[in-house]
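Student: Numbering (this note's numbering), first residue to last: 0 to 338.
Here a beta-carbon is modelled for each residue, glycine too, at the ideal position from N, C-alpha and C.
Please read these numbers as outputs of a predicted model, since none were measured by experiment.
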Amino acid sequence: MKNKFLSGLKYLFLFSIGLGLLWLTFRNENLGEIFTKISKADPFWLGASVVLAIGAFYSRAVRWVMLMEPLGFKPKLSSTLYALFLGYFANLAIPRIGEITRCGALAGREKVPFNSLIGTVIVERVIDLVMLFFSMFLVAVLEYDMLSKFLSDKVVGPLMLKFSFLQNPLVLIGIVIFTGTFFFLIWRFVSKGKSGKSESALVIKIRGILHEVASGFKTILRMKNNGWFIFHTFFIWFLYFLMTWVCFFCLESTAHLDMKAGLFVLVVGGLGMSAPVQGGIGAYHYIVSQGLQLFGVSSTDGIVYATLVHTTQTILVVVLGIFALIMLFITGKKKTENG
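(1) For a test of the three-state rule: what should DSSP assign to L256, helix, strand or coil?
(2) Which residues bound the alpha helix (DSSP H) around F113?
(3) Below 8 angstroms on the Cβ atoms is my guess for I51 versus L241; work out the distance and round it to an integer in Å.
(4) Kindly indicate which three-state DSSP category I16 falls into: helix, strand or coil?
(5) So is F42 buried or exposed if we call it buried at 16+ other beta carbons inside 10 Å?
(6) Buried or exposed, going by whether 16 or more other CB atoms sit within 10 Å of the CB of H284?
(7) Quick one: residues in its chain with C-beta nearer than 6 angstroms to the C-beta of W236, no 5 flanking neighbours on either side, listed in chain order?
(8) Within the same chain, show all residues whose beta-carbon is closer than 7 angstroms to that of R101, passing over the 5 residues directly before and after it, in chain order.
(9) Could you check whether T243 and L265 sit closer than 8 angstroms to each other, using their CB atoms as the reference points?
(10) Going by CA-CA distance only, name the one from S273, M272 and F248 that's closest to G261.
(11) For N224, which of helix, strand or coil comes out of DSSP?
(12) Does the segment 295-303 come close enough to the segment 18-36 to have 3 or more Cβ pairs within less than 8 angstroms?
(13) From V287, V111, K223 and K75, pick the residue whose C-alpha is nearest to that of T253; which is it?
(14) Cα separation between G290 and L18?
(15) Where does I329 sit, in a helix, a strand or coil, going by DSSP?
(16) Beta-carbon within less than 7 angstroms of L256's beta-carbon, same chain only, minus the 5 sequence neighbours each way: which residues are those?
(17) My output table needs one value for E98: the three-state DSSP class, helix, strand or coil.
(18) Taking the Cβ atom as the reference point for each residue, do Q277 and L66 lie within a distance shorter than 8 angstroms?
(19) Can you name, in chain order, every residue of its own chain whose Cβ lies under 7 angstroms from the Cβ of T232, other than the five neighbours on each side?
(20) Do L238 and A55 have their C-beta atoms closer together than 8 angstroms?
(21) Please list the terminal residues of the continuous alpha helix (DSSP H) segment that includes P383.
(22) Pull up the distance between the alpha-carbon of T310 and that of F228, whole angstroms please.
(23) Using C-beta distances below 6 angstroms, list every residue in its chain close to G279, excluding the 5 sequence neighbours before and after it, in chain order.
(24) Ordered along the chain, which non-local residues of its own chain (more than five positions away) have a Cβ less than 7 angstroms from that of L324?
(25) Can you tell me whether I280 is helix, strand or coil according to DSSP?
(26) In this structure, does DSSP put I314 in helix, strand or coil?
(27) Is it buried or exposed, V140, if we count other Cβ atoms within 10 angstroms and call 16 or more buried?
(28) Would DSSP call T180 helix, strand or coil?
(29) If we ignore side chains and look at the alpha-carbon of each, how far apart do G347 and F88 end up?
(30) Return helix, strand or coil for Q289, following the three-state DSSP convention.
(31) When you compare only the Cα positions, how much space is there between S297 and G97?
(32) On a Cα-Cα basis, can you pick out the residue from E251, S15, T24 and I53 that is closest to G320?
Take a look at the structure:
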């Protein structure tokens with residue numbers, strides 16, 4: 000009961016941070032003007048971004064199946080896609096729980112071991128992180144001065160200011176002692192499990208997950224179609240880029256921006272969505288609206304663009320999540336009836 004209460008407080012705290020960033024973004028803006036501009040967005044390009052997003056989801060599902068095949072499992076693509084939709088839907092409620100949700104949904108439907116699925120999902124997350132850094136590298140090559148200025152003024156600078164208390168030697172000593180004690184206790188815990196007749200359930204569980212993660216990475220080397228896996232990895236991020244870029248044409252204020260601006264917004268938006276808040280709320284709005292100002296877009300128009308994109312993608316995830324729930328229920332019921 001205590002753990003559930005603490006978890007609830009943690010997620011409430013994270014949600015509060017998101018709302019705080021949202022307030023920080025909108026505090027000096029005319030909400031009526033923002034909603035008026037959003038209502039005038041070109042529906043054609045907005046629809047195009049939705050189609051591209053669905054294409055990225057489909058490609059991601061195909062890639063996930065490819066990660067499972069070397070482990071000896073080949074779930075239905077439809078079930079994999081529904082589980083993926085459900086995972087994105089769950090992330091809107093609790094950050095990072097979507098990975099567990101989609102693994103649980105697919106494990107129950109296709110009889111794939113849960114730990115094996117967790118391993119493949121962690122591999123996916125590592126690959127996504129690599130692709131985000133690769134995109135940052137491209138932006139650094141194309142717009143080095145702009146990216147460095149943005150990170151310095153809008154990311155690193157504010158963080159250094161907020162955590163300036165860390166420069167106090169006593170605080171640093173306290174952090175070192177706390178960190179050392181923390182890892183010492185973990186080492187003692189694991190060592191106790193090794194030396195005893197039987198290891199604790201937690202140690203066994205952690206080792207099982209680490210083993211499956213290692214197996215997940217090995218699957219990439221054992222794939223028969225490594226080329227297709229690499230293709231889908233780059234294709235997913237190419238579609239993400241197109242989703243970002245075509246949304247520029249929804250608004251008059253951003254229609255003049257080029258592909259380099261689209262790549263820049265993809266990167267800073269990715270950083271915003273990586274924040275541990277529900278659905279990137281607040282973090283995405285703030286960082287994207289700030290980034291667009293570097294391209295001559297006003298603060299208000301930057302917020303309009305960020306709100307339009309984030310709201311559209313959130314609605315899409317909700318619709319697809321509900322659709323996935325219905326389809327998983329229907330197909331599960333048919334499977335039960337057919338014995």
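Tutor: In short, the structure shows the following:
(1) coil
(2) F113 to L141
(3) This sequence places Leu at residue 51; Ile is not what is there. 5 angstroms between Cβ atoms; contact.
(4) helix
(5) Per the sequence presented here, residue 42 reads as Pro, with Phe not at that position. With fewer than 16 Cβ atoms within 10 Å of its Cβ, P42 is classed as exposed.
(6) buried
(7) M130
(8) A82, L83, L85 and G86
(9) yes
(10) F248
(11) coil
(12) yes
(13) V287
(14) 19 angstroms
(15) helix
(16) F247 and F294
(17) helix
(18) no
(19) R62, I126 and M130
(20) yes
(21) Beyond the ends of the chain as shown, which are 0 and 338, falls residue 383; an answer cannot be given.
(22) 30 angstroms
(23) G271 and M272
(24) L85
(25) coil
(26) helix
(27) exposed
(28) helix
(29) Residue numbering for the chain in the displayed model covers 0 to 338; residue 347 lies beyond these limits and cannot be assessed.
(30) helix
(31) 35 angstroms
(32) I53
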